[in-house]
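Worksheet: the structure to be examined is printed underneath.
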Amino acid sequence: MNFVGKKSAGIAAAVALFLASATAASAFTACQVTDTGGIDDNSFNQTAWKGVLDAKEKLGIEGRFLESQAETDYEANINSLLGGNCDVIITVGFLLGDATKKAAEANPEQKFSIVDYAYDPVVPNILGQVYATDEAAFLAGYLAAGMTKSGVLGVFGGINIPPVTIFMDGFHAGAAYYNEQKGASVSVLGWDPKAREGLFTNNFDSLDDGRAFAQNLYDEGADIIVPVAGPVGLGSATLAAELGPDKLKIIGVDADLYLTDPERKQVYLTSITKRMDATVFDVIKQAMDGKFEGGILLGSLASGGVDLAPFHDMEEAVPAELKQELEAIRAGIIDGSITVAPK
Amino acid sequence: MSDSKTDSKTDIVIQNLLKRAAPGRGEFEDLVIVPLFAIAAALVLGALTMLATSVDPATIARSYLALLQGSVGSLNAISETLTAATPLILAGLGLALGFRAGLFNIGAEGQILMGGMAAVITGFSFPELPFYLLLPLCLLSGALTGAFYAGIAGWLRAATGAHEVISTIMLNLIAYRLIDYMLRLPFVQRSGRADPISKSIPDHAELPRLLEWIDPNLRVHAGVFLALAAVFFVYWLLFKTKLGFEFRASGASPDAARFAGIRSGMTIVLAMASAGALAGLAGSVQVLGVLDRVTPGFSAGIGFDAIAVALLGRSHPFGVLLAGLLFGGLEAGGRQMQVDAGVSIDLIGIIQALIIVFIAAPMLVRAIFPWGFRKPATVQGK
Chain A
7 MNFVGKKSAG
17 IAAAVALFLA
27 SATAASAFTA
37 CQVTDTGGID
47 DNSFNQTAWK
57 GVLDAKEKLG
67 IEGRFLESQA
77 ETDYEANINS
87 LLGGNCDVII
97 TVGFLLGDAT
107 KKAAEANPEQ
117 KFSIVDYAYD
127 PVVPNILGQV
137 YATDEAAFLA
147 GYLAAGMTKS
157 GVLGVFGGIN
167 IPPVTIFMDG
177 FHAGAAYYNE
187 QKGASVSVLG
197 WDPKAREGLF
207 TNNFDSLDDG
217 RAFAQNLYDE
227 GADIIVPVAG
237 PVGLGSATLA
247 AELGPDKLKI
257 IGVDADLYLT
267 DPERKQVYLT
277 SITKRMDATV
287 FDVIKQAMDG
297 KFEGGILLGS
307 LASGGVDLAP
317 FHDMEEAVPA
327 ELKQELEAIR
337 AGIIDGSITV
347 APK
Chain B
2 MSDSKTDSKT
12 DIVIQNLLKR
22 AAPGRGEFED
32 LVIVPLFAIA
42 AALVLGALTM
52 LATSVDPATI
62 ARSYLALLQG
72 SVGSLNAISE
82 TLTAATPLIL
92 AGLGLALGFR
102 AGLFNIGAEG
112 QILMGGMAAV
122 ITGFSFPELP
132 FYLLLPLCLL
142 SGALTGAFYA
152 GIAGWLRAAT
162 GAHEVISTIM
172 LNLIAYRLID
182 YMLRLPFVQR
192 SGRADPISKS
202 IPDHAELPRL
212 LEWIDPNLRV
222 HAGVFLALAA
232 VFFVYWLLFK
242 TKLGFEFRAS
252 GASPDAARFA
262 GIRSGMTIVL
272 AMASAGALAG
282 LAGSVQVLGV
292 LDRVTPGFSA
302 GIGFDAIAVA
312 LLGRSHPFGV
322 LLAGLLFGGL
332 EAGGRQMQVD
342 AGVSIDLIGI
352 IQALIIVFIA
362 APMLVRAIFP
372 WGFRKPATVQ
382 GK
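In order, the protein sequences belong to chains A and B.
Going by this note's numbering, the first residue of the first sequence is number 7, and it counts up by one from there.
Going by this note's numbering, the first residue of the second sequence is number 2, and it counts up by one from there.
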């Protein structure tokens with residue numbers, strides 16, 4: 007009670023503070039519909055929700071969220087927010103693409119924004135947030151190829167959809183680039199960029215699958231694994247924590263998992279961060295400032311929308327030479343001299 | 002019920018007479034009063050759970066208000082409740098039918114998946130058919146596929162004695178993977194997509210939305226009438242037909258039924274198939290009325306919730322109807338709880354589970370609320 011009181015007092019203070027600069031601020035409400043991983047998945051949905059929380063703190067808005075428990079919830083959840091006086095509805099995830107479009111077309115006055123989906127042609131009241139994740143994943147692939155002892159890397163995805171496979175493409179291309187540059191022969195299991203086929207759990211919520219898939223890849227010799235499946239990866243991290251980071255390291259996705267998953271922080275070599283919090287915040291700000299427009303908002307390495315997280319505890323383990331090479335590649339990707347597309 | 006002058010001996014006689022005239026009195030208590038108290042107890046315990054997770058009382062009050070508003074408080078709420086209840090009622094009826102025949106069918110989830118898949122494939126395979134042929138054809142193929150899929154478990158039980166609990170659970174798992182596989186087949190998978198998602202059914206194969214003319218966001222569809230018709234059909238089947246009698250006789254006492262000349266093997270297969278047809282219909286209604294396509298998770302646990310619905314409805318068609326509406330209301334209201342009060346959707350799951358616990362233990366409810374029930378005659382007698 008006391009805590010809640012303090013918190014609401016804090017919010018009230020923030021709102022009051024903000025009221026001085028913008029009168030409509032206290033009424034502005036951003037609503038979010040999560041994908042099935044849940045709001046506290048340490049990764050995908052949580053990062054997007056952080057954008058709303060940041061806006062709550064800095065812009066004094068109100069924020070609400072609805073968790074989807076199954077795919078059948080998407081449309082219903084969006085619908086129930088339509089009646090809830092939301093200034094902008096943010097749907098999180100490619101799989102909500104159809105439902106978001108349907109709702110946006112039925113309600114042309116309502117502002118929508120979706121993470122990981124770009125509409126072609128553009129829907130005038132949806133702002134799609136998309137990410138050049140392959141740029142950061144390319145760096146991760148190069149790093150992992152430079153760090154592996156077994157010469158085998160592993161990757162698996164949640165569902166075979168573009169926002170997932172773009173991680174796998176970039177990672178694969180980064181490792182291939184390492185082979186090309188160093189004449190090495192590091193192999194990547196779990197994804198074939200040409201056939202567009204690979205390892206997929208077909209869900210974004212089973213930690214058991216995360217563990218089982220990581221075990222399979224580990225048994226095949228992989229010592230660094232990238233699980234691109236939201237909270238499913240936590241299962242892989244658990245396995246890595248049991249085996250010890252010497253035998254198996256994990257590269258996190260979406261958020262810096264070293265920070266969001268402190269219990270298993272020792273297993274994370276780095277994370278491929280996708281700053282959905284930053285783009286969600288931008289969308290809210292645009293909507294508040296009356297600058298909202300349907301279209302695309304791109305997060306890239308250049309804009310800081312995607313990046314490689316710090317190495318934290320592994321800082322010592324990563325050779326200085328490799329770090330320098332990564333910096334050079336980063337510059338190359340940004341100025342366009344290195345292409346991250348799969349060959 | 003008896004006036005105070007009547008002595009207890011006549012009282013017993015009257016009660017026995019009443020019992021003979023209206024055997025439903027005890028059933029009425031089980032069907033209506035126990036569930037009502039169970040819901041009340043579950044809501045109280047749910048509030049305590051919220052308190053325990055440091056939700057303040059004002060929010061708890063607001064969340065229960067939201068639960069009410071979100072389930073019956075507006076046209077949209079009622080529409081959502083009915084939309085959620087429709088597949089639960091259909092699948093619940095199927096399970097109830099099985100329970101009456103003594104078959105504990107856990108396989109509704111798999112039957113829903115297979116039925117929905119069949120309905121979608123039929124839908125996009127024959128887009129040139131007019132809606133009055135296509136829609137019934139989709140529903141029929143869904144029901145038949147569900148019946149066939151459940152029939153496998155029935156046949157295994159009848160022919161080999163394999164217990165239907167095991168075989169239906171296994172068939173669920175097979176159905177999950179079969180759907181994954183089928184969704185990757187080129188003729189099923191939506192073109193341009195790499196993820197498992199089926200093609201959409203043509204618009205004229207969809208169950209018409211009933212209130213679209215008021216507001217395009219109202220999702221309630223014609224499947225509601227189908228569910229309602231199914232309630233009466235199952236009632237008729239169970240209580241007015243020879244086949245229904247055979248189902249119930251086999252359920253009440255398989256040995257007696259066999260000695261009475263009822264072919265138990267045939268009855269098992271038929272009961273399972275009817276249950277599967279209803280579950281398959283539930284899946285079809287879900288894809289034809291709500292989703293218009295199949296994805297791996299489209300069954301969304303309806304098949305398991307339907308077990309609770311059937312148990313809650315005491316395996317009586319009208320009970321299933323009420324229980325389905327209740328669960329639909331909880332689902333729609335739960336969403337509103339999240340929106341208005343920010344309470345976790347998981348709490349709704351807890352309240353649902355609590356309701357089931359109380360319903361499954363009527364003695365517990367009677368013990369908690371002794372004043373809510375008539376005392377058994379034996380206590381009054383001398």
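All C-beta atoms in this analysis are idealised placements derived from N, C-alpha and C, irrespective of residue type, glycine included.
Just the C-alpha distance for leucine 365 of chain B and alanine 102 of chain B, rounded to the nearest angstrom, thanks. The residue you call residue 365 of chain B lines up with position 364 of the second sequence. The residue you call residue 102 of chain B lines up with position 101 of the second sequence. Their backbone Cα atoms lie some 27 angstroms apart in a straight line.
**Message:** Please classify glutamine 75 of chain A as buried or exposed, where buried requires at least 16 other C-beta atoms within 10 Å of its C-beta.
**Reply:** For the purposes of this step, residue 75 of chain A is identified with residue 69 of the first sequence, where counting begins at 1. Buried: at least 16 other Cβ atoms inside 10 Å.
Looking at the C-beta of alanine 23 of chain B, does it have a partner C-beta in chain A at a distance below 7 angstroms? Counted from its first residue, the second sequence places residue 23 of chain B at position 22. Reliability fails at alanine 23 of chain B, whose pLDDT of 45 lies under 50, so the model's placement of it is uncertain and no value is given.
- prompt: For the putative contact between tyrosine 125 of chain A and lysine 108 of chain A, defined by C-beta atoms under 8 angstroms, what is the C-beta separation to the nearest angstrom?
  reply: For the purposes of this step, residue 125 of chain A is identified with residue 119 of the first sequence, where counting begins at 1. For the purposes of this step, residue 108 of chain A is identified with residue 102 of the first sequence, where counting begins at 1. Tyrosine 125 of chain A to lysine 108 of chain A, Cβ: 12 angstroms. No contact.
- request: Starting from the Cα of lysine 200 of chain A, find the closest Cα among A/Phe206, A/Ala179, A/Tyr184 and give me that residue.
  value: The sequence position of residue 200 of chain A within the first sequence is 194, counting from 1. Comparing Cα-Cα distances from lysine 200 of chain A to each of A/Phe206, A/Ala179, A/Tyr184, the minimum goes to A/Ala179.
For threonine 268 of chain B, would you say it is in contact with chain A, using Cβ-to-Cβ distances shorter than 7 angstroms as the test?
The residue given as residue 268 of chain B occupies position 267 in the second sequence. For threonine 268 of chain B, not one C-beta of chain A is nearer than 7 angstroms to its own C-beta.
Practice problem: Flag threonine 345 of chain A as yes if its beta-carbon sits less than 7 angstroms from any beta-carbon of chain B, otherwise no. | Solution: On the first sequence, position 339 is the one that residue 345 of chain A refers to. Judged by the 7 angstroms Cβ criterion, threonine 345 of chain A is not in contact with chain B.
For the 8 angstroms Cβ check, are there 3 or more pairs between the region 149-158 of chain A and the region 260-267 of chain A?
Counting C-beta pairs closer than 8 angstroms gives fewer than three between the region 149-158 of chain A and the region 260-267 of chain A, which falls short of the contact rule.
Which runs of the beta strand (DSSP E) spanning at least 3 residues fall entirely within the region 27-110 of chain B, listed in chain order?
Those beta strand (DSSP E) runs which fall completely within the region 27-110 of chain B and span 3+ residues do not exist here.
Note to self: What residue range does the beta strand (DSSP E) around tyrosine 274 of chain A cover?
What the structure shows: Along the first sequence, read from residue 1 onward, the residue named residue 274 of chain A stands at position 268. Per DSSP, the continuous beta strand (DSSP E) segment holding tyrosine 274 of chain A begins and ends at 274-280.
Exercise. From serine 251 of chain B to tyrosine 65 of chain B, what distance separates their C-alpha atoms?
Worked result: On the second sequence, position 250 is the one that residue 251 of chain B refers to. On the second sequence, position 64 is the one that residue 65 of chain B refers to. Rounded to the nearest angstrom, the two C-alpha atoms are 43 angstroms apart.
Three-state secondary structure assigned by DSSP to isoleucine 344 of chain A: Reading the first sequence from its first residue, position 338 is the one you call residue 344 of chain A. Correct three-state label for isoleucine 344 of chain A: coil.
### Task
State the DSSP-derived secondary structure class of lysine 271 of chain A, mapped to helix, strand or coil.
Here residue 271 of chain A refers to the residue found at position 265 of the first sequence. Here lysine 271 of chain A sits in helix by DSSP.
Checklist line | Cβ contact (3+ pairs, closer than 8 angstroms) linking the region 282-301 of chain A and the region 60-71 of chain A | finding: Because the criterion of three Cβ pairs below 8 angstroms is met, the region 282-301 of chain A and the region 60-71 of chain A touch.
**Report entry** C-alpha distance - arginine 220 of chain B paired with threonine 42 of chain A, whole-angstrom precision
**Finding:** Taking the second sequence and counting its residues from 1, the one referred to as residue 220 of chain B is at position 219. Taking the first sequence and counting its residues from 1, the one referred to as residue 42 of chain A is at position 36. Straight-line Cα distance between these residues: approximately 21 angstroms.
Between A/Phe210, A/Ile230, A/Leu223, which has its C-alpha nearest alanine 181 of chain A's C-alpha? As a position in the first sequence, residue 181 of chain A is number 175, starting the count at 1. Checked all of A/Phe210, A/Ile230, A/Leu223; the closest Cα to alanine 181 of chain A is A/Ile230.
- Checking contacts by CB at 7 angstroms: is threonine 244 of chain A closer than that to chain B? The residue you call residue 244 of chain A lines up with position 238 of the first sequence. Chain B, which has no Cβ nearer than 7 angstroms to the Cβ of threonine 244 of chain A, makes this no.
| message | Just to make sure I have the definition right: I need the residues of chain D whose C-beta is within less than 7 angstroms of the C-beta of asparagine 51 of chain A. Which are they? | response | Any reference to chain D falls outside this structure, whose protein chains are A and B.
At which residues does the alpha helix (DSSP H) containing lysine 64 of chain A begin and terminate? Stepping through the first sequence from its first residue, residue 64 of chain A is reached at position 58. Lysine 64 of chain A: member of the alpha helix (DSSP H) spanning 50-65, first to last residue.
ask   = So the beta strand (DSSP E) alanine 36 of chain A belongs to, where does it begin and stop?
value = By one-based count along the first sequence, residue 36 of chain A stands at place 30. First-last of the beta strand (DSSP E) with alanine 36 of chain A: 35-39.
Exercise for review: Quickly, what does DSSP pair lysine 117 of chain A with across the bridge? List them, please.
Suggested key: Within the first sequence, residue 117 of chain A is the residue found at index 111, counting from 1. Its beta-bridge partners are A/Val94.
Q. At a Cβ threshold of 7 angstroms, is isoleucine 172 of chain A touching chain B?
A. Working through the first sequence from its first residue, we reach residue 172 of chain A at position 166. Residue contact check for isoleucine 172 of chain A against chain B: no CB pair falls below 7 angstroms.
Against chain A, does alanine 301 of chain B count as a neighbour if the rule is that its beta carbon must be under 7 angstroms from one of theirs? Translated into the one-based positions of the second sequence, residue 301 of chain B becomes position 300. Residue-level contact check: alanine 301 of chain B touches chain A, since one or more beta carbons of chain A fall below 7 angstroms from its beta carbon.
_lysine 6 of chain B, buried or exposed, once every other Cβ within 10 Å from all chains shown has been counted against 16_ = Taking the second sequence and counting its residues from 1, the one referred to as residue 6 of chain B is at position 5. Caution applies to lysine 6 of chain B, whose pLDDT of 48 falls short of 50 and renders its modelled position unreliable; the model cannot decide the point.
Check your understanding: Near arginine 249 of chain B, what residues of its chain come up, given a Cβ to Cβ distance below 6 angstroms and the 5 sequence neighbours on each side ignored?
Key -> Sequence index remark: in the second sequence, residue 249 of chain B carries index 248 (1-based). Correct list, in chain order: Arg101.
Buried or exposed by the 16-neighbour rule on C-beta atoms within 10 Å, applied to threonine 345 of chain A: For this step, residue 345 of chain A is matched to residue 339 along the first sequence. Within a 10 Å sphere around the beta-carbon of threonine 345 of chain A sit fewer than 16 other beta-carbons, which makes this residue exposed.
May I ask you to report which of helix, strand or coil DSSP gives phenylalanine 206 of chain A?
-> Residue 206 of chain A sits at position 200 when you count from the first residue of the first sequence. Here phenylalanine 206 of chain A sits in strand by DSSP.
Let me check understanding here. Comparing Cα to Cα, which of B/Ala62, B/Leu292, B/Phe328, B/Leu208 lies closest to leucine 134 of chain B? Stepping through the second sequence from its first residue, residue 134 of chain B is reached at position 133. Nearest C-alpha to leucine 134 of chain B: B/Leu208.
Check whether the region 310-321 of chain B touches the region 120-129 of chain B, taking contact to mean three or more Cβ pairs, one atom from each stretch, closer than 8 angstroms. The region 310-321 of chain B vs the region 120-129 of chain B: no contact.
Worksheet item: Which of the residues in the region 332-348 of chain B, read from start to end, lie with their CB under 9 angstroms from any CB of chain A?
Response: Cβ contacts with chain A come from Glu332, Ala333, Arg336, Gln337, Gln339, Val340, Asp341, Gly343, Ser345, Ile346, Asp347.
task: Closer than 7 angstroms, Cβ to Cβ, to anything on chain B: give me those residues from the region 62-75 of chain A, in chain order.
output: Cβ contacts with chain B: Arg70, Leu72, Glu73, Gln75.
Taking just the CA atoms, how far does valine 259 of chain A sit from serine 119 of chain A?
Taking the first sequence and counting its residues from 1, one reaches residue 119 of chain A at position 113. Taking the first sequence and counting its residues from 1, one reaches residue 259 of chain A at position 253. When rounded, the distance between both Cα atoms is 22 angstroms.
In chain order, what are the residue ranges of uninterrupted alpha helix (DSSP H) at least 4 long that sit wholly in the region 162-244 of chain B? Counting whole runs of 4 or more residues, the region 162-244 of chain B contains the alpha helix (DSSP H) stretches 165-183, 224-241.
### Task
Go to proline 233 of chain A, then tell me how far its beta strand (DSSP E) extends in each direction, as first and last residue.
The sequence position of residue 233 of chain A within the first sequence is 227, counting from 1. For proline 233 of chain A, the uninterrupted beta strand (DSSP E) segment begins and ends at 230-234.
Original post:
DSSP on tyrosine 123 of chain A, reduced to helix/strand/coil?
Top reply: For the purposes of this step, residue 123 of chain A is taken as residue 117 along the first sequence, with counting starting at 1. In the structure shown, tyrosine 123 of chain A adopts coil according to DSSP, grouped into three states.
Exercise. Could you have a look at aspartate 295 of chain A and say whether DSSP puts it in helix, strand or coil?
Key: Taking the first residue of the first sequence as 1, we reach residue 295 of chain A at position 289. Reduced to three states, the DSSP call for aspartate 295 of chain A is coil.
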